[in-house]
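In UniProt numbering, the protein residues as written are 1 to 273. Only one structure is covered here, and it is reproduced in the block below.
Written as structure tokens, this is what we have:
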């Protein structure tokens with residue numbers, strides 16, 4: 001018998017965008033299936049006045065406090081306020097910085113938002129994202145050799161969201177749909193630079209995702225073959241045939257998150273270099 005789901009408040013205080021905290025908080029929360037976090041995010045907190053305002057909100061809805069604040073005076077203030085209120089409080093970066101300092105033999109520079117500087121890596125990610133949006137769903141197929149990765153697969157195999165996720169890591173990713181009976185572009189077959197990966201899933205999974213797409217579509221939509229599992233099985237067999245013929249690796253995304261699929265693709269890319 002399932003336990004009823006409970007709720008708790010999770011306060012995330014950051015002197016930058018809060019992305020690191022949000023990822024850490026959600027990773028921890030995911031381990032508790034019977035408890036759901038109500039997230040309160042406070043980005044760009046860099047003054048004592050801002051911290052005081054945050055704690056006014058926390059007093060209204062107390063809970064767990066996670067923070068990433070590199071200014072040690074502000075961090076101490078947060079710790080003291082939490083202790084006075086009897087609330088659990090964790091500096092997410094501090095244990096990591098301590099390990100780095102111990103190993104490297106020098107203290108951290110304590111630069112606010114250091115991971116978001118406008119350096120070459122930042123512009124590489126932007127360039128990759130632009131490329132990926134321009135090459136979504138089979139657009140501009142003639143310059144496939146400009147891609148780092150090309151994802152192929154039938155409809156609803158998570159090609160676009162996986163491409164965007166990879167682009168955010170600076171990897172130029174194109175994606176091309178596989179349509180039953182339609183050959184893939186010759187430019188893809190002739191490409192020598194990119195890693196080409198086929199994304200597949202079970203017919204049941206794809207049918208379920210396609211049905212949800214139709215339910216969310218306000219216009220009239222011909223759904224018979226699109227959601228029919230026998231038709232989907234035929235599409236998948238055709239996709240597998242193409243990948244096998246060209247010796248392109250395949251990844252089953254049925255039970256994978258976008259992040260897990262992307263990690264598997266990156267691992268394949270490392271092996272193929």
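Heads up, the beta-carbon is just placed ideally off N, CA and C, and yes, glycines get one too.
Nearest-angstrom Cα separation, counted from residue j out to residue i
i	j	result
residue 151	residue 23	26 angstroms
residue 250	residue 71	47 angstroms
residue 166	residue 127	12 angstroms
residue 230	residue 163	28 angstroms
residue 86	residue 10	15 angstroms
residue 225	residue 183	20 angstroms
residue 34	residue 143	49 angstroms
residue 237	residue 213	22 angstroms
residue 171	residue 81	43 angstroms
residue 196	residue 186	13 angstroms
residue 76	residue 51	11 angstroms
residue 14	residue 100	20 angstroms
residue 137	residue 155	10 angstroms
residue 253	residue 210	15 angstroms
Reduced DSSP category for residue i - H, G, I as helix; E, B as strand; rest coil
i	result
residue 286	The question about residue 286 has no answer here: the residues shown for the chain are numbered 1 through 273.
residue 90	strand
residue 14	strand
residue 140	coil
residue 67	strand
residue 277	Lying outside 1 to 273, the shown extent of the chain, residue 277 is not represented and no answer is given.
residue 9	strand
residue 58	helix
residue 158	coil
residue 106	coil
residue 95	helix
residue 130	helix
residue 146	helix
residue 45	coil
residue 246	helix
residue 228	coil
For residue i, the first and last residue of its enclosing beta strand (DSSP E)
i	result
residue 150	149–153
residue 252	250–252
First and last residue of the uninterrupted alpha helix (DSSP H) at residue i
i	result
residue 272	258–272
residue 24	19–29
field: Uninterrupted alpha helix (DSSP H) stretches inside the segment 160–207 (no shorter than 4 residues)
entry: 186–190
- request: Report yes or no: do the segment 90–102 and the segment 58–70 share at least 3 C-beta pairs separated by less than 8 angstroms?
  value: yes
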